[in-house]
Amino acid sequence: MFFTANCRACGHKMSLHHREGAQGVASRAMNAIFNPPDEAYESFAPTTQGPVVPSGPSAGWYSDPDGTPNLRWWNGQDWTDHRK
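First residue of the sequence shown: 73, per the numbering used here; consecutive thereafter.
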């Protein structure tokens, strides 16, 4: 009895991949799985958004994080050298 292995990708007998009719069907199926059209990736395309805005406290005078009794200006992103 002649034994043919199964294809690891689609499960068909390997002998079917070599026949003209079945090869066309199997090739199209494998091509669709392993080489999807570019439209399949559109949902993963990066969106055009503005810059990321930090979600910290807004700009203003706050207690100096260095431990001095002064207030220090927080510009919304970094501590400045301005103290009062």
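Each residue gets a CB set at the ideal place from its N, CA and C atoms; glycine is no exception.
| Query | Result |
| --- | --- |
| Identify which residue in Trp145, Arg155, Pro141, Pro123 has its Cα closest to the Cα of proline 129. | Trp145 |
| Taking DSSP as the reference, what is the three-state secondary structure of asparagine 78? | strand |
| From leucine 143 to lysine 156, what distance separates their C-alpha atoms? | 5 Å |
| Would you please state the rounded distance, in angstroms, between the beta carbons of alanine 131 and methionine 102? I believe it to be under 8 Å. | Going by Cβ atoms, the distance from alanine 131 to methionine 102 rounds to 58 Å, so no, they are not a contact pair. |
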